[in-house]
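Residue 78 in our numbering sits at position 78 of the sequence shown, with consecutive numbering throughout. The C-beta atom is built at its ideal place from N, Cα and C for all residues, glycine as well. Computed from a predicted structure; not experimentally measured. Remarks on the structure that follows.
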Amino acid sequence: MQETRIRVVYSGRVQGVGFRWQVSQVAENFGVTGFVRNLEDGTVELLVEGYLGEVRGMIEAVDQKLKDFWVSKVEDERKGDPHHAGFSIDYL
């Protein structure tokens, strides 16, 4: 099975509302690694790595659970080996 890496940037009311913490809670239900962090421009970056079904499932769960907070998102998918050992909330 091919592993993948998807980066998602969420914009909207995504900082100061527990967005990152809730994303990390969702990640616990999936076999993924990566991180979530606030960016200086007011957006939140999510990087998810793992098998495609798990990665897509996690992103869909985040989208659904936090749909009242984000207004737009941009995804970028790349194939390759994962670089992270677990899932974390990172800080710039």
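Within the continuous alpha helix (DSSP H) that includes residue i, where are the two ends?
| i | result |
| --- | --- |
| Phe19 | Phe19 to Ala27 |
What does residue i pair with, by DSSP beta-bridge criteria?
| i | result |
| --- | --- |
| Ile6 | Val48 and Glu77 |
| Val36 | Leu46 and Ile89 |
| Gly12 | Trp70 |
Over what stretch of residues does the beta strand (DSSP E) that includes residue i continue unbroken?
| i | result |
| --- | --- |
| Phe69 | Where Phe69 is concerned, there is no enclosing beta strand (DSSP E), given that its DSSP letter is neither H nor E. |
What distance in whole Å lies between the Cβ atoms of residue j and residue i, which are believed to be in contact at a cut-off of 8 Å?
| i | j | result |
| --- | --- | --- |
| Val36 | Val55 | So it is not a contact: roughly 14 Å between Cβ atoms. |
| Trp70 | Val32 | The pair is not a contact, with the Cβ atoms about 19 Å apart (cut-off 8 Å). |
Could you give the distance in angstroms between the alpha-carbon of residue i and the alpha-carbon of residue j?
| i | j | result |
| --- | --- | --- |
| Val62 | Val26 | 7 Å |
| Arg20 | Ser88 | 9 Å |
8 Å is my cut-off, CB to CB: does residue i come that close to chain C?
| i | result |
| --- | --- |
| Phe35 | Of the protein chains in this structure there is only one, and it is not chain C. |
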